[in-house]
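Please read the structure below before turning to the comments.
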Amino acid sequence: MSGPPRGELLRLLSGVDYPATKQQIHEKLVAQGAPPACLAALEDLPEGTYVEPDTALQAIPYQSG
């Protein structure tokens with residue numbers, strides 16, 4: 137199973153105010169109406185505080201195809 141498009145995740149993550157924790161990022165994506173696939177991918181984000189969208193995106197394990 138493949139994850140959501142990385143571009144879509146980055147767009148959603150860009151709407152978060154950083155620095156942000158995993159919980160804060162999740163809450164913001166829910167508020168933005170993120171699709172279930174994006175929220176599921178976010179479950180694999182390690183706990184921590186992220187300073188920008190790119191660092192959060194890079195921390196999410198990704199499976200293609």
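Residue numbers for the sequence shown follow this note's numbering, beginning at 137 and rising by one. Glycine is no exception: its CB is placed at the ideal position from the N, C-alpha and C atoms.
What residues in its chain sit with their C-beta under 8 Å from that of residue i, if we drop five residues either side in the sequence?
i	result
Ala195	Leu181, Pro182, Gly184, Tyr186
Report the CB separation of residue i from residue j in whole angstroms; it is logged as a contact under 8 Å.
i	j	result
Leu193	Arg147	In fact, because the Cβ distance is near 10 Å, the residues do not count as touching under 8 Å.
Leu178	Ile161	7 Å
Gly151	Ala173	Contact flag wrong, Cβ pair sits at about 17 Å.
According to DSSP, which residues form a beta bridge with residue i?
i	result
Thr157	Thr185
With DSSP collapsed to three states, give me the class of residue i.
i	result
Gly169	coil
Sorted by chain position, which residues of the same chain lie with C-beta nearer than 6 Å to residue i's C-beta, five sequence neighbours on each side aside?
i	result
Glu188	Tyr154
Ignore the nearest five residues each way along the sequence and tell me which others in residue i's own chain have a CB closer than 7 Å to its CB.
i	result
Leu165	Leu148, Cys174, Leu175, Leu178
Pro197	Asp180
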